[in-house]
Amino acid sequence: MMIGLENSSRVIFGSPEPLKMKLNDPVKDNVKYAVHWAGHSTTLIQIYDKVFLLDPVFNDVISGVMLRSQKAAIDINKLSRLDMILVSHAHADHLSISTLDDIEAKFPGTDLIIPFGAEEFMPGYDLNIIRLKTGNSFKYNYTGQSKVIDSVKVTSVFASHFGGRFGFDSYLWYEEGCTGYIIEYKDITVFYAGDTIFDDKAFKYLGKKFNIDLAIIPIGPCKDCDEIDNFRHVTSYGALMMFDDLKAKYMLPVHYGAITYRSNSDYPVEVLKEIIKSKDSENQSSNGFGIYKDKVIILDEGGQFVFEYK
Numbered sequence: 009m010m011i012g013l014e015n016s017s018r019v020i021f022g023s024p025e026p027l028k029m030k031l032n033d034p035v036k037d038n039v040k041y042a043v044h045w046a047g048h049s050t051t052l053i054q055i056y057d058k059v060f061l062l063d064p065v066f067n068d069v070i071s072g073v074m075l076r077s078q079k080a081a082i083d084i085n086k087l088s089r090l091d092m093i094l095v096s097h098a099h100a101d102h103l104s105i106s107t108l109d110d111i112e113a114k115f116p117g118t119d120l121i122i123p124f125g126a127e128e129f130m131p132g133y134d135l136n137i138i139r140l141k142t143g144n145s146f147k148y149n150y151t152g153q154s155k156v157i158d159s160v161k162v163t164s165v166f167a168s169h170f171g172g173r174f175g176f177d178s179y180l181w182y183e184e185g186c187t188g189y190i191i192e193y194k195d196i197t198v199f200y201a202g203d204t205i206f207d208d209k210a211f212k213y214l215g216k217k218f219n220i221d222l223a224i225i226p227i228g229p230c231k232d233c234d235e236i237d238n239f240r241h242v243t244s245y246g247a248l249m250m251f252d253d254l255k256a257k258y259m260l261p262v263h264y265g266a267i268t269y270r271s272n273s274d275y276p277v278e279v280l281k282e283i284i285k286s287k288d289s290e291n292q293s294s295n296g297f298g299i300y301k302d303k304v305i306i307l308d309e310g311g312q313f314v315f316e317y318k
């Protein structure tokens with residue numbers, strides 16, 4: 009657990025920095041479609057009257073060894089509505105038992121979507137737990153299982169990562185239980201990658217099958233962020249390749265900033281900005297604007313982007 013060793017002194021002697029930006033309640037009555045980044049992979053999506061929370065982790069200390077660089081940007085007690093929680097896999101930076109405890113207390117009975125295998129690491133909750141088979145094989149066209157819940161269609165889709173919760177079960181035994189998701193509600197479709205590496209067939213297929221409005225894609229951790237992958241995680245460069253293959257209208261990069269894996273937790277997004285600048289200068293669109301600059305939404309932790317108001 010090299011990450012734990014690097015963070016141990018900060019956990020003992022440190023505390024997360026206060027957020028520079030924090031909305032009292034990111035859910036707005038006048039919003040048709042918006043996204044709010046709470047840090048790391050935790051993301052809140054509002055589509056019309058529905059509110060979705062992806063991989064909620066609000067702990068200051070994750071898995072006992074990883075200290076957040078900043079406080080999480082959502083206060084669950086101030087959140088006015090929550091319709092669905094989606095967890096991509098059971099690793100501690102994506103599945104937080106204490107966070108789900110807090111959500112259960114505020115929003116009992118909320119739908120909680122998980123991949124098969126993740127339930128082994130969860131206690132009982134007063135939440136409506138729905139398990140989906142994963143779609144991590146070309147034999148199943150990179151899609152797993154779909155469920156329609158209160159007019160929302162959720163489909164598990166390809167992700168190449170690890171299941172399990174701890175280092176030994178994830179990396180030694182290749183435990184199952186990781187997925188990406190497609191969320192479809194009314195005229196909006198959102199893709200969430202979870203944790204994955206790049207695949208030159210899977211994301212092309214998903215881009216043809218779904219008309220994706222927003223792709224939420226991890227960009228780290230990575231040491232060589234201008235390579236495609238870094239130990240079962242897609243990098244800054246690989247994330248842009250995914251975005252291209254998915255043919256999504258917009259991309260939100262996540263999975264950086266909150267946790268110090270190496271010396272600079274913001275390094276993946278710094279590299280992403282440089283790649284975008286370079287690519288846009290080489291290949292400008294017909295109207296003279298950059299191809300990626302206006303399509304890749306880079307938020308500060310606690311930031312919100314409203315795509316459309318009612």
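Residue numbers (my numbering): 9 to 318.
Ideal Cβ placement from N, Cα and C applies to all residues, glycine included.
- request: May I have a chain-ordered list of the alpha helix (DSSP H) segments no shorter than 4 residues that lie completely inside the stretch 131-205?
  value: 175-179
query: Three-state secondary structure (DSSP) at residue 296?
result: Against the sequence shown, residue 296 aligns to sequence position 288. The predicted model places residue 296 with a pLDDT of 48, which falls under 50 and marks its position as unreliable, so this point remains unresolved.
query: Looking at the unbroken alpha helix (DSSP H) that takes in residue 84, where does it start and where does it end?
result: Counting from one through the sequence shown, the residue named residue 84 turns up at place 76. Residue 84 -> no alpha helix (DSSP H), and no H or E assigned at all.
message: What does the alpha-carbon distance come out to for the pair residue 287 and residue 197?
response: By 1-based counting over the sequence shown, the position of residue 287 is 279. By 1-based counting over the sequence shown, the position of residue 197 is 189. Spanning the two alpha carbons is a distance of roughly 26 Å.
- request: Less than 8 Å between the CB atoms is what I'm expecting for residue 95 and residue 70, so what's the real figure, rounded?
  value: Within the sequence shown, residue 95 is the residue found at index 87, counting from 1. Within the sequence shown, residue 70 is the residue found at index 62, counting from 1. Actually they are not in contact, since the Cβ atoms of residue 95 and residue 70 sit about 14 Å apart, beyond 8 Å.
message: Tell me the rounded alpha-carbon separation between residue 227 and residue 168.
response: Against the sequence shown, residue 227 aligns to sequence position 219. Against the sequence shown, residue 168 aligns to sequence position 160. Each residue's alpha carbon lies about 14 Å from the other.
task: Determine the burial state of residue 253: buried for a count of at least 16 other Cβ atoms within 10 Å of its Cβ, exposed for fewer.
output: Counted from its first residue, the sequence shown places residue 253 at position 245. Buried is the call here.
message: Can you tell me whether residue 315 is helix, strand or coil according to DSSP?
response: The residue labelled residue 315 in the question sits at position 307 within the sequence shown. Reduced to three states, the DSSP call for residue 315 is strand.
- prompt: Across which residues does DSSP place residue 237 in a beta bridge pair?
  reply: Stepping through the sequence shown from its first residue, residue 237 is reached at position 229. DSSP lists 242 as partners of residue 237.
- prompt: How would you call residue 295, buried or exposed, if buried means at least 16 neighbouring beta carbons within 10 angstroms?
  reply: What you label residue 295 is simply residue 287 of the sequence shown in a count that begins at 1. Note that residue 295 has pLDDT 48, beneath the 50 cutoff, so the model's placement of it is unreliable and no number is given.
Beta-carbon proximity of residue 79 to residue 30, cut-off 9 Å: What you label residue 79 is simply residue 71 of the sequence shown in a count that begins at 1. What you label residue 30 is simply residue 22 of the sequence shown in a count that begins at 1. Yes, these two residues count as a Cβ contact at 9 Å.
Chain-order list of residues whose beta-carbon lies under 8 Å from that of residue 180 (same chain, five-residue window excluded): In the sequence shown, residue 180 corresponds to position 172, counting from 1. Note that residue 180 has pLDDT 45, beneath the 50 cutoff, so the model's placement of it is unreliable and no number is given.
field: Integer Cβ distance of residue 267 from residue 99, believed to fall under 8 Å
entry: Against the sequence shown, residue 267 aligns to sequence position 259. Against the sequence shown, residue 99 aligns to sequence position 91. Between residue 99 and residue 267 the Cβ distance is about 11 Å, and since that is not below 8 Å, they are no contact.
query: Hey, out of 87, 91, 315, 76, whose CA is closest to residue 25's CA?
result: On the sequence shown, residue 25 is found 17 positions in, with the first residue counted as 1. Checked all of 87, 91, 315, 76; the closest Cα to residue 25 is 76.
- prompt: Taking the C-alpha atoms as reference points, what is the distance between residue 53 and residue 291?
  reply: For this step, residue 53 is matched to residue 45 along the sequence shown. For this step, residue 291 is matched to residue 283 along the sequence shown. For residue 53 and residue 291, the distance between alpha carbons rounds to 31 Å.
query: If we count Cβ pairs, one from each stretch, closer than 8 Å, do we get three or more for the stretch 122-139 versus the stretch 211-218?
result: no
- prompt: Would the beta-carbon of residue 87 fall within 9 Å of that of residue 33?
  reply: By one-based count along the sequence shown, residue 87 stands at place 79. By one-based count along the sequence shown, residue 33 stands at place 25. In this structure, residue 33 lies closer than 9 Å to residue 87 by Cβ.
message: Between residue 67 and residue 104, how many whole angstroms is the CB-CB distance? I'm expecting something under 8 Å.
response: Against the sequence shown, residue 67 aligns to sequence position 59. Against the sequence shown, residue 104 aligns to sequence position 96. With a Cβ gap of about 5 Å, residue 67 and residue 104 count as contacting.
- prompt: residue 311 to residue 189, Cα distance in whole Å?
  reply: Residue numbering aside, residue 311 sits at position 303 when the sequence shown is read from its first letter. Residue numbering aside, residue 189 sits at position 181 when the sequence shown is read from its first letter. So the two alpha carbons sit approximately 22 Å from each other.
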